[in-house]
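Asks:
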DNA sequence: TCTGCCCGGATCGTATATGATTTGATACAT
DNA sequence: ATGTATCAAATCATATACGATCCGGGCAGA
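Protein chains in written order, with the numbering used here: chain S, 1 to 227; chain Z, 228 to 454.
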């Protein structure tokens, strides 16, 4: 028995492998926005043929992580200010709703865990560790919306985060002042949930929390004098 | 000069062609939920190779219109009651927001057109023409959210509609009582927009309008005695 | 010098061919 | 009669090959 062309390294197809590989390269910044993705090149690097790579890239396109033009090629999606606004707006919407749908089914342990994560985030601010802060922020919100019973919504939330994290280096910069607000809003959100607040209240709190970050970004855009 | 393998019928690639072809077949009911999509078979029917068809199917999968399993094959997505609820829930969310974002930029002509469409819908009820009613319903809502400045949201709304329309025959049945309510709610929504109501008000009105249809469905599910 | 044309390289798009996997049927042993 | 092993057909997954298309650079003419 020999390793044959159609074999799968894992339970995954080569197309899925390529998909994840490229995606992680985008996430970790190896392929930054605008980077040109050349089928043959990636295929050689992964030691597969161009067909699975092509499929991977088309899927990434459907996710909005890369742009693709017929007979031209693919490149990592640019995230300009407008794109950022649209993505954040959409994410605020779906994340807010997902959080509201999750809220009723969260148990005390989970909420406690969320509070601990938020406390860690506060520590990160003291030590000025924006990288950990960003990671913990994702953990915090994941904790709150992962229980959402609607898989479509969850998928949309994940896509939104994926887009942002993939392109965080270009625009999504850490704004210290906003970060402090963020931690406070997290506490307020947890209080709302723990007190069994109305679904709409929770939704709007979660939504506005994210829109707040967007506003902070826009404010900085329009007054970029402050470092 | 001869028609060669890589040629495109239009400006579209064969993969895109196959994508649209399969999608329309799903929409018009030729391929109903559960129908098995066999690559080779479709490829022969379209007179293309299996590669573009495969790509088309993977894209449809990303859209949620078909399910796909490695080494097994693809089939038109089943839309059971749970799926229907999730899809409607998500659609209510994004459509509501898209409508709210559109509202401020709608001009008088557009609103007038929406009112005319709604009047036609009322006529359909008198003549008992559920097919036209459903078509006009899409037209009505399209009129209201097409001006939405956020392309991501618009895309999500279109995907939701696509899912529903593709699978309408199986579950999405016309409930006369609800249809009358629907027309009335359309009028109320237009009034809100015309009076320059708060964005949140418009959003919730649009959202609840759709959730009302969902509720009507659920009520019928739990009490299916009445035909 | 500038402009337009043509050509070659790079890359995408698809057909074809073949390996890999699943599924269902059949034959056999218990 | 039932359960299990084996095999063949169907189908997916991928490699390879080649045509189609785009882009940039060189060359001829004004």
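Cβ atoms here follow ideal geometry from the backbone N, Cα and C, with glycine treated the same way.
I need the DSSP call for residue 76 (chain S), collapsed to helix, strand or coil.
Replies: Correct three-state label for residue 76 (chain S): strand.
Asks: Look at the alpha carbon of residue 320 (chain Z) and the alpha carbon of residue 132 (chain S), and state the distance between them as a whole number of angstroms.
Replies: So the alpha carbons of these two residues sit roughly 32 Å apart.
Asks: Check whether the Cβ of residue 304 (chain Z) lies closer than 8 Å to any heavy atom of the ligand PLP, and answer yes or no.
Replies: This structure lacks the ligand PLP, and indeed carries no ligand of any kind.
Asks: Taking 7 Å as the limit between beta carbons, can you name the residues of its chain near residue 187 (chain S), skipping five residues before and five after?
Replies: Excluding sequence neighbours, residue 187 (chain S) sits near 118.
Asks: Quick one: measure Cβ to Cβ for residue 227 (chain Z) and residue 370 (chain Z), integer angstroms, because I've assumed they're closer than 8 Å.
Replies: Missing from the structure shown is residue 227 (chain Z); chain Z here goes from 228 to 454 and no further.
Asks: Check whether the Cβ of residue 97 (chain S) lies closer than 9 Å to any Cβ atom in chain Z.
Replies: Yes, residue 97 (chain S) lies at the interface with chain Z (some Cβ there is under 9 Å from its Cβ).
Asks: Decide if the stretch 421-431 of chain Z is in contact with the stretch 324-336 of chain Z; the criterion is three or more beta carbon pairs, one per stretch, under 8 Å apart.
Replies: Yes: the two stretches touch, three or more of their Cβ pairs being nearer than 8 Å.
Asks: Mind pulling the beta strand (DSSP E) runs of 3 or more residues that sit fully within the stretch 43-124 of chain S?
Replies: Listed in chain order, they are 66-69 and 73-76.
Asks: Pick helix, strand or coil for residue 37 (chain S), following the three-state DSSP scheme.
Replies: In this structure, residue 37 (chain S) counts as strand in the three-state DSSP scheme.
Asks: Would you list, in chain order, the members of the stretch 50-73 of chain S that have their beta-carbon closer than 8 Å to a beta-carbon of chain Z?
Replies: Listed by position along the chain: 51, 54, 55, 58, 59, 62, 63, 64 and 70.
Asks: Please identify the residue among S:80, S:219 and S:179 whose C-alpha is closest to the C-alpha of residue 136 (chain S).
Replies: Considering only alpha carbons, the answer is S:179.
Asks: Measuring CB to CB, does residue 110 (chain S) end up less than 9 Å from residue 163 (chain S)?
Replies: No, Cβ-Cβ distance for residue 110 (chain S) and residue 163 (chain S) is not below 9 Å.
Asks: Given a threshold of 16 other Cβ atoms within 10 Å of its Cβ, counted over all protein chains shown, does residue 299 (chain Z) qualify as buried or as exposed?
Replies: Exposed: under 16 other Cβ atoms inside 10 Å.
Asks: Could you check where the alpha helix (DSSP H) with residue 139 (chain S) kicks off and where it finishes?
Replies: Counting along the chain, the alpha helix (DSSP H) containing residue 139 (chain S) begins and ends at 130-145.
Asks: Where do the ends of the alpha helix (DSSP H) carrying residue 439 (chain Z) lie?
Replies: Run containing residue 439 (chain Z): 426-449, per the alpha helix (DSSP H) assignment.
Asks: Step through the CB atoms of chain Z and report whether any lies within less than 9 Å of the CB of residue 89 (chain S).
Replies: Chain Z, which has a Cβ nearer than 9 Å to the Cβ of residue 89 (chain S), makes this yes.
Asks: Pull out every residue of the stretch 117-139 of chain S whose Cβ sits closer than 7 Å to any Cβ of chain Z, in chain order.
Replies: So nothing in the stretch comes that close.
Asks: Counting only beta-carbon atoms, is residue 332 (chain Z) nearer than 9 Å to chain S?
Replies: Judged by the 9 Å Cβ criterion, residue 332 (chain Z) is not in contact with chain S.
Asks: I want to see whether chain Z comes within less than 9 Å of residue 153 (chain S), judged by CB atoms only; does it?
Replies: Residue 153 (chain S) counts as touching chain Z.
Asks: Distance check for residue 37 (chain S) and residue 78 (chain S), CA to CA, integer angstroms please.
Replies: Answer to the nearest angstrom: the Cα atoms are 13 Å apart.
Asks: Along the stretch 401-424 of chain Z, what residues have a CB closer than 8 Å to any CB found in chain S?
Replies: The stretch 401-424 of chain Z vs chain S, Cβ under 8 Å: nothing.
Asks: Could you name the residues of chain S that residue 321 (chain Z) contacts, counting a contact when the two beta carbons are closer than 9 Å?
Replies: Correct list: 90, 93, 94 and 156.
Asks: Determine the direct distance from the alpha carbon of residue 340 (chain Z) to that of residue 51 (chain S), and round the result to whole angstroms.
Replies: Near 48 Å, if we compare the C-alpha coordinates of residue 340 (chain Z) and residue 51 (chain S).
Asks: Would you mind reading off the limits of the alpha helix (DSSP H) that contains residue 410 (chain Z)?
Replies: Note, residue 410 (chain Z): alpha helix (DSSP H), 403-421.
Asks: Show which residues of chain S have a CB atom less than 7 Å away from the CB atom of residue 377 (chain Z).
Replies: Simply 86, 89 and 90.
Asks: Determine the closest residue to residue 291 (chain Z) out of S:166, S:145, S:155 and S:210, with distance taken between C-alpha atoms.
Replies: Among S:166, S:145, S:155 and S:210, the Cα nearest to that of residue 291 (chain Z) belongs to S:155.
Asks: Taking 7 Å as the limit between beta carbons, can you name the residues of its chain near residue 374 (chain Z), skipping five residues before and five after?
Replies: These residues qualify, in order along the chain: 329, 332 and 333.
Asks: Given that a residue counts as buried once 16 or more other Cβ atoms are within 10 Å of its Cβ, and exposed if not, what is residue 140 (chain S)?
Replies: Its Cβ being crowded by 16 or more others within 10 Å, residue 140 (chain S) is buried.
Asks: DSSP three-state label for residue 152 (chain S), please.
Replies: Helix at residue 152 (chain S).
Asks: Output needed for residue 254 (chain Z): all residues of its chain with C-beta closer than 7 Å, excluding positions within five of it in sequence on either side, in chain order.
Replies: The residues are 392 and 393.
Asks: Just reading off the alpha helix (DSSP H) that residue 244 (chain Z) is part of, what are its end residues?
Replies: Residue 244 (chain Z) -> alpha helix (DSSP H) spans 241-254.
Asks: Can you grab the Cα-Cα spacing for the pair residue 127 (chain S) / residue 240 (chain Z), in whole Å?
Replies: So the alpha carbons of these two residues sit roughly 53 Å apart.
Asks: Assuming residue 433 (chain Z) and residue 416 (chain Z) are in contact, meaning their beta carbons sit under 8 Å apart, how far apart are those beta carbons, in whole angstroms?
Replies: Contact flag correct, Cβ pair sits at about 6 Å.
Asks: Beta-carbon separation of residue 90 (chain S) and residue 145 (chain S) under 9 Å?
Replies: In this structure, residue 145 (chain S) does not lie closer than 9 Å to residue 90 (chain S) by Cβ.
Asks: Pick from Z:288, Z:246 and Z:261: whose alpha carbon is nearest that of residue 269 (chain Z)?
Replies: Checking every option, the nearest Cα to that of residue 269 (chain Z) belongs to Z:246.
Asks: Name the chain S residues that come within less than 7 Å of residue 369 (chain Z), Cβ to Cβ?
Replies: None at all; the shortest Cβ gap to chain S is about 19 Å.
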